[in-house]
Amino acid sequence: MNSPSSARTSRTASTSKTSGASQTSGTPGTSGTPGASSASQGEPVSEAFLRGARAAGLLTASVLGDCVADLTEEPFTGERQLLVEYASPRLLADAPAFARTVRALVADRGLPVDRVVVRVPGGLTMPEPWAPYLTYLRWTGEGDATAGQEAGADGVTIAAAGEADDPVVVGWLVRAFRAAGTARGSAVDEGAALDQARAVLDQPDRVTLMAWSEGRPVGHATLLTEAVDDVSGLRFVELLDVLVEPSDRARAVSARLVAAATSVATREGHTLVGNVVHGLPPDPRSAQVVAGLEAHGWRTSHRYWSAPRGDEGSRT
5 MNSPSSARTS
15 RTASTSKTSG
25 ASQTSGTPGT
35 SGTPGASSAS
45 QGEPVSEAFL
55 RGARAAGLLT
65 ASVLGDCVAD
75 LTEEPFTGER
85 QLLVEYASPR
95 LLADAPAFAR
105 TVRALVADRG
115 LPVDRVVVRV
125 PGGLTMPEPW
135 APYLTYLRWT
145 GEGDATAGQE
155 AGADGVTIAA
165 AGEADDPVVV
175 GWLVRAFRAA
185 GTARGSAVDE
195 GAALDQARAV
205 LDQPDRVTLM
215 AWSEGRPVGH
225 ATLLTEAVDD
235 VSGLRFVELL
245 DVLVEPSDRA
255 RAVSARLVAA
265 ATSVATREGH
275 TLVGNVVHGL
285 PPDPRSAQVV
295 AGLEAHGWRT
305 SHRYWSAPRG
315 DEGSRT
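Numbers given in our numbering equal positions in the sequence shown, counted from 1, plus 4.
Put into structure tokens, the structure is as follows:
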């Protein structure tokens with residue numbers, strides 16, 4: 005399993021790498037997949053995911069339900085995390101029991117952990133000291149995906165990027181990774197960010213849409229068109245990053261790029277998914293971004309919550 009910051013390029017987890025585009029979009033899609041069972045109060049959970057976790061020794065069973073967790077390392081900062089990729093809604097709802105489970109999982113691994121990160125269905129909220137870490141939303145097709153954005157992107161052309169555009173796209177991705185680290189108060193290793201950006205471009209299903217104005221590239225939307233959420237088993241088109249150079253038309257250009265991304269997802273026949281990165285608490289801005297998206301056709305699928313190791317809840 006991988007941290008929510010690394011899975012965008014690894015494809016072995018349901019999460020996505022943190023990026024600046026996360027400020028404009030949403031989560032795993034809803035195209036039907038046989039064999040996915042519905043979790044009470046939560047998102048669908050694939051039986052294949054649970055079988056694989058059990059075979060790998062990553063599944064812990066309790067009277068309150070299953071829990072799947074493993075140790076991982078945040079690729080940009082080196083932070084050591086216990087990633088709880090799945091926990092039953094009943095277990096999540098019992099804060100003391102979940103805190104005891106987390107402590108037992110860390111103790112069982114026998115290795116130091118800096119932070120605990122847990123995936124939670126969109127309808128559930130974790131109590132303090134847990135704080136939002138990364139929110140995934142899906143475009144429902146209802147309303148206007150770009151509503152709330154300013155008009156005025158006349159003269160801007162949206163076109164698929166070519167190989168000659170790769171250096172510019174890599175630079176934008178590195179900037180996005182760096183911005184996400186800054187929001188969380190962490191320094192991002194430039195070499196790791198560059199490696200991850202290049203890995204994104206190497207994905208065979210990567211599609212980059214570029215915005216051009218007066219012959220200059222002014223922004224991009226980069227998507228992965230064959231993304232799969234391992235936990236639910238559902239396919240989706242991931243809006244990996246949206247970044248537009250600052251200008252008085254930046255919001256309008258961003259809106260054009262998001263609209264183009266929804267068209268790609270429609271053509272692929274899968275739901276468009278994106279994410280919002282949350283900074284260090286208190287962080288009202290990211291909550292406002294999520295609320296704005298939900299008001300215009302995006303719906304929260306799931307959210308990753310985090311807490312520093314040793315501060316993950318009740319000590320009872």
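Don't be surprised by glycine CBs; every beta carbon is placed ideally from N, CA and C.
Quick caveat, the model's predicted, so the values are computed rather than measured.
Each residue's CA atom was taken as its position, placing Arg253 and Tyr308 some 32 Å apart. Counting C-beta pairs closer than 8 Å gives three or more between the stretch 269–276 and the stretch 234–241, which meets the contact rule.
Considering only Thr229, Gly195, Asp193, Ala101, the residue with the shortest C-alpha distance to Gln207 is Thr229.
The alpha-carbon separation between Ala197 and Asp112 amounts to approximately 31 Å.
Within the stretch 88–168, the complete beta strand (DSSP E) segments at least 3 residues long are 119–125, 135–143, 160–164, listed from N- to C-terminus. Here Ala264 is actually not in contact with Leu205; their C-beta atoms are around 19 Å apart, not less than 8 Å.
Between the alpha carbons of Trp176 and Glu132 lies a gap of roughly 35 Å.
For Asp70, the enclosing beta strand (DSSP E) has its first and last residue at 69–77.
Distance between Asp287 and Ala187, taken at the CA atoms: about 9 Å. Burial of Glu89 is indicated by the presence of at least 16 other C-beta atoms within 10 angstroms of its C-beta. If only uninterrupted alpha helix (DSSP H) runs of at least 4 residues are considered, those enclosed by the stretch 243–318 are 254–272, 288–298. Cβ contact annotation for Ala201 (same chain, cutoff 6 Å, sequence separation greater than five): Val174, Leu177, Val178, in chain order.
When secondary structure is reduced to three states using DSSP, Leu198 falls in the helix class. The straight-line gap separating the alpha-carbon atoms of Ser310 and Gly159 is approximately 43 Å. Taken through DSSP and simplified to helix, strand or coil, Pro171 comes out as helix. In the structure shown, Glu51 falls within a helical segment according to DSSP collapsed to helix, strand and coil. Between Val124 and His306 the beta-carbon gap is near 6 Å, inside 8 Å, which marks them as a contact.
In the structure shown, Phe240 adopts extended strand secondary structure according to DSSP, grouped into three states.
Taking the Cα of Val232 as reference, the smallest distance to any Cα among Val293, Leu243, Ala65, Gly189 is reached at Leu243.
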